[in-house]
Amino acid sequence: MRTRSEPLVYPFERGAGLAVPPVYAELRDQPLARVRMAYGEDAWLATRYADVKTVLSDPRFSRAGAVGRDQPRMEVMVRDYGGLISHDAPEHTRLRGLMAKEFSARRIERLRARAREVAEELLDGIVESGPTVDLFERFATPLPTTLNCELLGVPLEYSRFWAWAEAEASGVAPGADPGELAAAFFSQVAALVELRRGDPGDDVLSSLVRACDEDGRITQDELRVLAADLLLAGFATIAGQIAASLYHLLIRPGELSRLRERPELIPRAAEELLRYVHLDDFILPRYATEDIMLGGVLVSAGEPVLVSPAAANRDPSVFPDADDLVLDRTGAPHLGFGHGAHFCLGAHLARLELQVALETALRRLPGLRLAVPEDELRWKTGGIVGSLVDLPVTFDRPTGVTGDA
Numbered sequence: 003m004r005t006r007s008e009p010l011v012y013p014f015e016r017g018a019g020l021a022v023p024p025v026y027a028e029l030r031d032q033p034l035a036r037v038r039m040a041y042g043e044d045a046w047l048a049t050r051y052a053d054v055k056t057v058l059s060d061p062r063f064s065r066a067g068a069v070g071r072d073q074p075r076m077e078v079m080v081r082d083y084g085g086l087i088s089h090d091a092p093e094h095t096r097l098r099g100l101m102a103k104e105f106s107a108r109r110i111e112r113l114r115a116r117a118r119e120v121a122e123e124l125l126d127g128i129v130e131s132g133p134t135v136d137l138f139e140r141f142a143t144p145l146p147t148t149l150n151c152e153l154l155g156v157p158l159e160y161s162r163f164w165a166w167a168e169a170e171a172s173g174v175a176p177g178a179d180p181g182e183l184a185a186a187f188f189s190q191v192a193a194l195v196e197l198r199r200g201d202p203g204d205d206v207l208s209s210l211v212r213a214c215d216e217d218g219r220i221t222q223d224e225l226r227v228l229a230a231d232l233l234l235a236g237f238a239t240i241a242g243q244i245a246a247s248l249y250h251l252l253i254r255p256g257e258l259s260r261l262r263e264r265p266e267l268i269p270r271a272a273e274e275l276l277r278y279v280h281l282d283d284f285i286l287p288r289y290a291t292e293d294i295m296l297g298g299v300l301v302s303a304g305e306p307v308l309v310s311p312a313a314a315n316r317d318p319s320v321f322p323d324a325d326d327l328v329l330d331r332t333g334a335p336h337l338g339f340g341h342g343a344h345f346c347l348g349a350h351l352a353r354l355e356l357q358v359a360l361e362t363a364l365r366r367l368p369g370l371r372l373a374v375p376e377d378e379l380r381w382k383t384g385g386i387v388g389s390l391v392d393l394p395v396t397f398d399r400p401t402g403v404t405g406d407a
């Protein structure tokens, strides 16, 4: 049995392009490592694919057990307001079940035509005003923001607040006091709930309001926290994923051309990009409910365990040539959306948005390339969630299109 050593400072520093820290390769030889975050108690860190899957799926590793604990974290406050991520079965199963059908593969697939319509409208504007543009601001951000707002039943003008709130909560944009930020956010949540209560529609937030007011399946407090879960999830993350995925294709022009010529490969390529690109590398801790052997290490009851999806997705025992971007890769599923009961509720939506973004951008923007040298691109790397600051690109203007150069 391995003995404890001095904890490593975590999260590990990431390089340009959100490169996966090389220390993960070393840690796979010692399956669990002791780590220390800026706040909270020390934790175990799982990096191997099998161990990460176990922590995320074995009910003996509990999220509910984290409530009231000094959880390992990057910010002063413990972000624990009783949402889905704070529950285990059966409460988690009951609450998640209220929203699962709204995010099912069948329902989300019906949004593909609308996603393409939004993407084409955005690209119309880009082509008209090009040929140099910030693809992050003009495309990667408004595409998922528009679709997410429409699905949730939220006025588009509120989206700026959520992107800011998510950045604040992730520690990447220092600003307001955390307590004041939380109060302001939940004030917005309450206002949006009342908006949908007075003017319901065929959207996710209206469905939750009906579950509370008409069916009595959730309480007012549960409505509040479920709405907060939805509003905090995905706005900044998928925009960053789209931009970073395009970046990785732009620095591999041969692969970009291959996808342009064979668009049928895009669904598989999107999955590989989701495996390869990691904006965040921190999943909230699980607490052992009993003594458990994990990867040859004894995790004692009451100890927290963190997992690294980025490390797991580069595990060479699962993914051959794991550090390479292989756009037609087959085999084991990546863990970019997590695993088990807390598997990302919006996974189908994120996949669809990334696929549509790649499909339309590569088709509409011939000769797409970076507008600045790669080493001049700016990256946010100071917090849990990283991303490009912007993505300046240029393209070959189609014949007959006029506008400012």
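Residue numbers 3 to 407, in the numbering used here, belong to the letters of the sequence shown in order.
Heads up, the beta-carbon is just placed ideally off N, CA and C, and yes, glycines get one too.
- DSSP places Gly17 within a strand segment (E or B) once states are collapsed to three.
- With respect to Arg65, His344 sits close: the two C-beta atoms are nearer than 8 Å.
- The C-beta distance from Leu281 to Leu20 rounds to 7 Å, short enough to meet the 8 Å contact threshold.
- In the three-state reduction of the DSSP assignment, Met101 falls in the helix class.
- The criterion of a C-beta distance shorter than 8 Å is satisfied by Phe105 and His350.
- Nearest to Leu100 by C-alpha distance, out of Glu361, Glu263, Leu347, is Leu347.
- In the DSSP annotation of this structure, the continuous segment of the beta strand (DSSP E) that includes Tyr289 starts and ends at 285-290.
- In the structure shown, Ala48 adopts extended strand secondary structure according to DSSP, grouped into three states.
- For Met79, DSSP assigns no beta-bridge partner whatsoever.
- With contacts defined by Cβ atoms closer than 8 Å, Ala246 and Val211 do not form a contacting pair.
- DSSP places Ala312 inside the alpha helix (DSSP H), whose first and last residues are 311-314.
- Restricting attention to Gly256, Asp126, Arg331, Ala314, the CA atom closest to the CA of Arg270 is found in Arg331.
- Contact check between the region 253-261 and the region 316-324: fewer than three CB pairs, one atom from each, fall below 8 Å, which does not count as touching.
- Taken in chain order, the unbroken stretches of alpha helix (DSSP H) that lie wholly in the region 306-387 and span 4 residues or more are 311-314, 349-366.
- Relative to the Cα of Val22, the nearest Cα in the group Asp326, Pro400, Ala352 belongs to Asp326.
- Contact annotation: the region 285-295 does not touch the region 365-372, with fewer than three C-beta pairs closer than 8 Å.
- By alpha-carbon distance to Asp60, the top candidate from Ala230, Ile294, Ala68 is Ile294.
- With a contact defined as Cβ atoms closer than 8 Å, Arg30 and Thr49 qualify at about 6 Å.
- Cβ contact annotation for Arg140 (same chain, cutoff 6 Å, sequence separation greater than five): Ile128, in chain order.
- Burial state of Gly304 is exposed, judged by a 10 Å Cβ sphere holding fewer than 16 other Cβ atoms.
- DSSP, read as helix, strand or coil, puts Asp392 in coil.
- A straight line joining the alpha-carbon of Pro74 with that of Ser310 spans about 14 Å.
- Note on geometry: alpha-carbon atoms of Arg96 and Gly218 lie some 13 Å from one another.
- Where Val299 is concerned, the enclosing beta strand (DSSP E) starts and stops at 299-301.
- Take Val80, set aside five residues on each side of it, and the residues of its chain with a beta-carbon closer than 7 Å to its own are Gln73, in chain order.
- Restricting attention to Leu233, Gly342, Pro394, Val358, the CA atom closest to the CA of Arg62 is found in Gly342.
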